[in-house]
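Colleague: To start, I am sharing the structure in question, which I have written as C-alpha cells.
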Amino acid sequence: MIKNEQEYQNTLDWLRRFEGTVAKLDSDENLKADDPMRWQMYRNSYQRQVDDFKYEIAEYERVRDCDQKHVLQIQVENFNKLPLVLIKARMAAKISQEELAQTLGIYSQRVKEYEDTDYQCASFVELLDVSVALGVEVEKAVMRVDFEEIEEVAQIAKEWQEEKRKKATAAPR
Numbered sequence: 793m794i795k796n797e798q799e800y801q802n803t804l805d806w807l808r809r810f811e812g813t814v815a816k817l818d819s820d821e822n823l824k825a826d827d828p829m830r831w832q833m834y835r836n837s838y839q840r841q842v843d844d845f846k847y848e849i850a851e852y853e854r855v856r857d858c859d860q861k862h863v864l865q866i867q868v869e870n871f872n873k874l875p876l877v878l879i880k881a882r883m884a885a886k887i888s889q890e891e892l893a894q895t896l897g898i899y900s901q902r903v904k905e906y907e908d909t910d911y912q913c914a915s916f917v918e919l920l921d922v923s924v925a926l927g928v929e930v931e932k933a934v935m936r937v938d939f940e941e942i943e944e945v946a947q948i949a950k951e952w953q954e955e956k957r958k959k960a961t962a963a964p965r
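Counting in our numbering, the sequence shown runs from 793 upward without gaps.
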C-alpha cells in the first residue's frame, strides 16, 4: 500500500521501469522464437508487477483525491486489513500524523510508529481510539470461524513449542 507522496512518486517511477521492461520483452522476437515459454513467463511476471503498481497507484489517488462531501467506502477482505483502512482514512481526511496524534492526545511519533508498522504495535483499544478519531465505522461485517484453521494453527504452535523445548534441553549449560 502506498502511504505517502514519496512512496507514490517511487511507485510511479518503478511502474515506468517495469512497463519499459514489458515493452522490451514484447519487441524481443529472438527470445519469443527461441524460448517462448521462458519469454511468456518473464512477460507475465513483469506484467503482473505492472498491474499491481497500477492498482496501488489508482487506490492511492482515489483515497488522496476523494470528495470529502461523500462517505468514503473502503473494502476490507479480512480483519488483518483494518490497519490499512485506518491509514487510508487519515489520508482521505487530509489529516497529518501530527494532527491525529493531537486529537488522540499522544505524541506524533506514536502515530508514525503505528503506521510504519501497519499498527502492529498498537493495542486493540488504541485501534478503537484511532477508528473513532477518524470516523471509521464498520457498516456490515460477517465473521466466520474456520475450525480447520484453528486445528492447523494449534498443530503448528504445538510443533513450534516442541522444537523450542528440544532446543532448550539440548543447549549446553
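Glycine included, each C-beta is placed from N, C-alpha and C at the ideal position. If you're wondering where the values come from, they're calculated on a predicted model, not measured in any experiment.
Any idea if Y899 is buried or exposed, counting beta-carbon neighbours within 10 angstroms, 16 or more meaning buried?
Modeller: exposed
Colleague: Could you tell me the distance, in whole angstroms, from the CA atom of A962 to the CA atom of Q953?
Modeller: 14 Å
Colleague: How would you label I914, buried or exposed, when you count the other beta carbons within 10 angstroms and need 16 or more for buried?
Modeller: It is Ala, not Ile, that sits at residue 914 in the sequence shown. With 16 or more other Cβ atoms within 10 Å, it is buried.
Colleague: According to DSSP, simplified to helix, strand and coil, what is S900?
Modeller: helix
Colleague: With a threshold of 16 other CB atoms inside 10 Å of the CB of Y847, please say whether the residue is buried or exposed.
Modeller: exposed
Colleague: Any chance the region 883-893 sits against the region 830-849, with 3 or more Cβ pairs inside 8 Å?
Modeller: They do not touch, by the three-pair rule.
Colleague: Who are the Cβ neighbours of K795 in its own chain at under 8 Å, not counting the five residues just before and after it?
Modeller: Closer than 8 Å at Cβ, skipping near neighbours: I879, M883, E907.
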